[in-house]
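The next block holds one structure in the form of structure tokens; read it before the comments.
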Amino acid sequence: MNNFINSIFQPGFFSSGPVHTALFVGGTAAIVSSVVGIFTVIRGQAFAGHSLADVSSAGGSASYLLGINPLLGFLGMAILGAGSMELVGVEKARGRDLATGVVFGAGLGLAALFLYLDVTTTSTSGATVAVLFGSMFAIPSSTVILVVLVGSATLAVMVVLYRPLLLSSLNPEIAAVQGIHVRLVGMLQMLILGSAVALSAISVGAILSTALLIGPAATALRIAKRPGFAVWLAALVGLGTTWIGILLAYDSTGWISGHNWPVSFLIVTLVFLVYLIARPRSGHRGSITSKETSIPLPTSRP
Amino acid sequence: MNSDTYNSGPVLAISKMSIVLGGNEILHDVNFELHSGEFSGLIGPNGSGKTTLLRTILGFHRPAEGSIHFEGKSGFANRRSIGYVPQKILLDPDVPVRARDLVELGLDGHRLGIRLPSKERRRQVDDMLHAVNAEAFADQRIGQLSGGQQQRILIAHALIRRPRLLLLDEPLANLDIRSVAEVVNLLNQLAHQQRIAILLSAHDINPLMGAMDRLVYVANGHAASGPVNEVIDDKVLSTLYGYHVDVIRVHGRILITTGPGDEYFEPGRDCVTPETSSLP
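If you're matching them up, the sequences are chains A and B in order.
Heads up: take any position in the first sequence, counting from 1, add 569, and you land on this note's numbering.
Heads up: take any position in the second sequence, counting from 1, add 4, and you land on this note's numbering.
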């Protein structure tokens, strides 16, 4: 029995400080991203989410130059990006795409500059890989307290906004008639999205954070029929794939040539596999819809 | 907030109202009243300002002139208790929201925080689903329902807070004939049984004939209102449109020839005009 457990959890897994930090930071990022991801997918903001993550990489790379905690860099830039998108205009779908694209381009330009400066002026040669693709086992343990603060604040806003956010995501008009300040709810959702991608960015890297934002949510949306269940399921899928990915990365030392496999790669691969395996429950496509034939009324001439 | 607080007089009274949007006057000098227990139609050609009128009643636009009194008051704050079914709601079939979830959100979707299970709330939602005859598909995802089923759920969503006034924007567009009849009968029944004032917009008057108590006809920036037979009249409608209009009654259907010239009549066909479009 002990041998079996040891073969899954290699010696030192539970006593290693970096592993603890990785499990904690990665787990928090996964839960927050997956939950926020449900609303991101329903609202059709996947592109905005990915862009915010890439924009946040400018902050992550600037943090090396400024000597501040990377999470603060990612978070600051993501929120700045979210605010800019709101300013340029995210109300209409088309405007939102344009606003996202404009801010996305500008943000990545800054990231290119800061990463260049990181590599040329500081001694952090691994900055590029760490910022873009994450380095979960190299997260300083001082980050944990920040992650707790940002993660719990984001989830708290999520809980408070849950119903108004759900209703205004389904239809802004009926939400407004019901007395919901749709614009304000939308702005807060962008801020939540910004902090979710910042948390993912320090874990799996800015570029791969989209996988944690969209993957578990997309899996949950395939299976769940109710909004509440979808949120729990997404959180569970996100947390599970992240922790198993960390475990596999720790175990992977012996796979090829004594090097660890990149943890971010393992996590996003698991997320993708789970999405492929997840099948809608039987009877997902209702039969009632097909029974009623729709005869459109003659429409008026132009 | 409903029923007994305001029982005398009209639920909605609009007088001398003009609406200006982006410098264009959409409607001028509109006057009409809606009473509880009455099913009224808001009829007019496409682009005549029906949606703008409904959105102004809801408080999305402010009238340039004139007044809107809802339950005797003119403020906007009290309009939260107006039920509204928007023109079209496109929901992805993958959105994990069942029909009953949307109805439940009608009850408390504006509240903050997450809710605990409640038998009382569950009973209210079930009652409402029963009232719109939607129990059979209550547990299906809303995006997978047919147009008529979605309309019934949206009506339930709007009615669960027991509004005194229900506004519906073109709820019959893109429905098959059977669903049109179902939705019209349902609304007619709800108006009379639950003493709600209902205003439904449509570009075709015929599906509503027999069900409507009153009519508000908008065209050419003006509105005429009253009992159906008084408004659907050559003289009234000609004044409204600003040129001669014929009202033709064929086999219980009404055709309104609104074209300013002969080009709206096609030889060899019934005189089906843009706004009359009755079904074969």
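Ideal Cβ positions, reconstructed from N, Cα and C, are used throughout, including at glycine.
Quick caveat: nothing in here was measured; it's all calculated off a predicted structure.
Please compile the residues from chain D whose C-beta is within a distance smaller than 8 Å of the C-beta of residue i.
i: P785 (chain A); result: This model lacks chain D altogether, as its protein chains are A and B.
Along chain B, in chain order, which residues have C-beta atoms closer than 9 Å to that of residue i?
i: L760 (chain A); result: Going along chain B, no residue has its Cβ under 9 Å from L760 (chain A), so there is no contact; the nearest lies around 16 Å.
i: P733 (chain A); result: G113, H114, R115, L116
i: L736 (chain A); result: L106, L109, G110, G113, H114
Report all residues from its chain with a CB closer than 7 Å to the CB of residue i; omit the five preceding and five following residues, and keep chain order.
i: M5 (chain B); result: Confidence at M5 (chain B) is low in this model, with a pLDDT of 44, below 50, so the placement of that residue should be treated as unreliable; the coordinate-derived value is given next. Answer for M5 (chain B): S85, listed in chain order.
i: E29 (chain B); result: S22, G225
i: M727 (chain A); result: V604, V605, I761
i: Y633 (chain A); result: D687, T691, T693, A696
i: P14 (chain B); result: E37, L38, H39
i: R870 (chain A); result: The pLDDT assigned to R870 (chain A) is 41, lower than 50, so where the model puts this residue is not dependable, and the model offers no usable value.
i: S44 (chain B); result: L38, I202, L203, M216, D217, R218, L219, V220
i: L734 (chain A); result: F608, V754, Q758
i: L656 (chain A); result: none
i: G823 (chain A); result: none
i: A227 (chain B); result: L31, V34, F36, V220, Y221
Grab me the residues of residue i's own chain with a C-beta within less than 6 Å of its C-beta, minus the 5 sequence neighbours each way, in chain order.
i: D820 (chain A); result: Q579
i: T788 (chain A); result: V806, V843, Y844, A847
i: V101 (chain B); result: I146
i: H589 (chain A); result: none
i: L718 (chain A); result: none
i: S229 (chain B); result: F36, V220
i: A617 (chain A); result: T669
i: V24 (chain B); result: A68
Just to make sure I have the definition right: I need the residues of chain A whose C-beta is within less than 9 Å of the C-beta of residue i. Which are they?
i: Y221 (chain B); result: Simply none; closest approach about 16 Å.
Mind pulling the chain B residues with CB within less than 8 Å of residue i?
i: G748 (chain A); result: R84, H114
i: P684 (chain A); result: A small correction: the amino acid at residue 684 (chain A) is Leu; Pro does not occupy that position in the sequence shown. Result: empty, since nearest Cβ-Cβ is about 37 Å, beyond 8 Å.
i: A799 (chain A); result: P100
i: L790 (chain A); result: D98, V99, P100
Name the residue from the options whose alpha carbon lies nearest to the alpha carbon of residue i.
i: L163 (chain B); options: B:V187, B:Q144, B:M132; result: B:M132
i: R166 (chain B); options: B:G87, B:K20, B:A215; result: B:G87
i: A135 (chain B); options: B:I157, B:L111, B:Q91; result: B:I157
i: K794 (chain A); options: B:E42, B:L25, B:G48, B:D98; result: B:D98
i: G151 (chain B); options: B:I61, B:D143, B:N178, B:R126; result: B:N178
i: F582 (chain A); options: A:A699, A:I611, A:F706; result: A:F706
i: H619 (chain A); options: A:L734, A:L736, A:W830, A:A767; result: A:A767
i: W801 (chain A); options: A:A599, A:A744, A:L640; result: A:A599
i: H161 (chain B); options: B:G63, B:T60, B:G113; result: B:G113
i: V713 (chain A); options: A:A699, A:E655, A:G586; result: A:G586
i: L190 (chain B); options: B:D105, B:I159, B:I209; result: B:I159
i: G888 (chain A); options: A:G636, A:R665, A:F593, A:S626; result: There is no way to answer for residue 888 (chain A), as the model of chain A reaches only from 570 to 871.
i: T60 (chain B); options: B:E42, B:L16, B:K92, B:G48; result: B:L16
i: G642 (chain A); options: A:V773, A:E655, A:A627, A:S653; result: A:A627
i: F673 (chain A); options: A:T689, A:Y685, A:I648; result: A:I648
i: M213 (chain B); options: B:I200, B:G26, B:N137, B:I258; result: B:I258
i: Q193 (chain B); options: B:E42, B:S183, B:D33, B:G26; result: B:E42
Identify the contact partners of residue i in chain B, using a Cβ-Cβ distance below 7 Å as the criterion.
i: P796 (chain A); result: P100, V101, D105
i: V729 (chain A); result: L116, G117
i: I611 (chain A); result: V99
i: A793 (chain A); result: P100
i: L817 (chain A); result: Those within 7 Å of L817 (chain A) in chain B number zero; the least Cβ separation is about 30 Å.
Run through chain A and tell me which residues come within less than 7 Å of residue i, C-beta to C-beta.
i: P90 (chain B); result: N740, E742, I743
i: R145 (chain B); result: K794
i: I93 (chain B); result: N740
i: L62 (chain B); result: V746
On the premise that residue j lies in contact with residue i, defined as a C-beta separation below 8 Å, what is that separation, rounded to the nearest angstrom?
i: Y245 (chain B); j: T261 (chain B); result: With 8 Å as the limit, Y245 (chain B) and T261 (chain B) do not qualify as a contact, their Cβ atoms being about 10 Å apart.
i: D173 (chain B); j: L31 (chain B); result: Not quite, the Cβ-Cβ distance comes to about 15 Å (not below 8 Å), so this is no contact.
i: V840 (chain A); j: G797 (chain A); result: So it is not a contact: roughly 22 Å between Cβ atoms.
i: G629 (chain A); j: A818 (chain A); result: That belief does not hold up - the Cβ atoms of G629 (chain A) and A818 (chain A) are roughly 21 Å apart, past 8 Å.
i: A780 (chain A); j: A803 (chain A); result: So it is not a contact: roughly 13 Å between Cβ atoms.
i: G650 (chain A); j: V624 (chain A); result: 4 Å
i: V249 (chain B); j: D238 (chain B); result: 6 Å
i: H207 (chain B); j: P49 (chain B); result: 6 Å
i: S833 (chain A); j: L777 (chain A); result: 5 Å
i: K20 (chain B); j: G70 (chain B); result: 4 Å
i: L771 (chain A); j: I708 (chain A); result: Rather than Leu, the amino acid found at residue 771 (chain A) in this sequence is Ile. Sure, about 6 Å apart at Cβ, within 8 Å.
If I measure Cβ to Cβ from residue i and keep anything under 8 Å in the same chain, skipping five residues before and after, which residues do I get?
i: I577 (chain A); result: L816, D820
i: P231 (chain B); result: D217, R218, L219
i: P211 (chain B); result: L176, V184, A185, V188
Check the Cβ of residue i against every Cβ in chain A and list those closer than 8 Å, keeping chain order.
i: H161 (chain B); result: I743
Checklist entry - What runs of the alpha helix (DSSP H), each 4 residues or longer, lie entirely inside the stretch 749 to 799 of chain A? => result 751 to 773, 778 to 792
Checklist entry - Which parts of the stretch 126 to 212 of chain B are runs of the beta strand (DSSP E), unbroken and 3 residues or longer, counting only runs that do not cross its ends? => result Counting only runs of 3 or more, we get 169 to 172, 201 to 206.
Next on the checklist: As an exercise, report each continuous beta strand (DSSP E) stretch of at least 3 residues that is fully enclosed by the stretch 88 to 112 of chain B, in chain order.
Outcome noted: none
Next on the checklist: Please give me, in chain order, every unbroken run of the alpha helix (DSSP H) with length at least 4 that falls completely inside the stretch 655 to 706 of chain A.
Outcome noted: 662 to 690, 696 to 702
Next on the checklist: Report the start-end ranges of each alpha helix (DSSP H) in the stretch 40 to 76 of chain B that is 4 residues or longer and not cut off at the edges.
Outcome noted: 54 to 62
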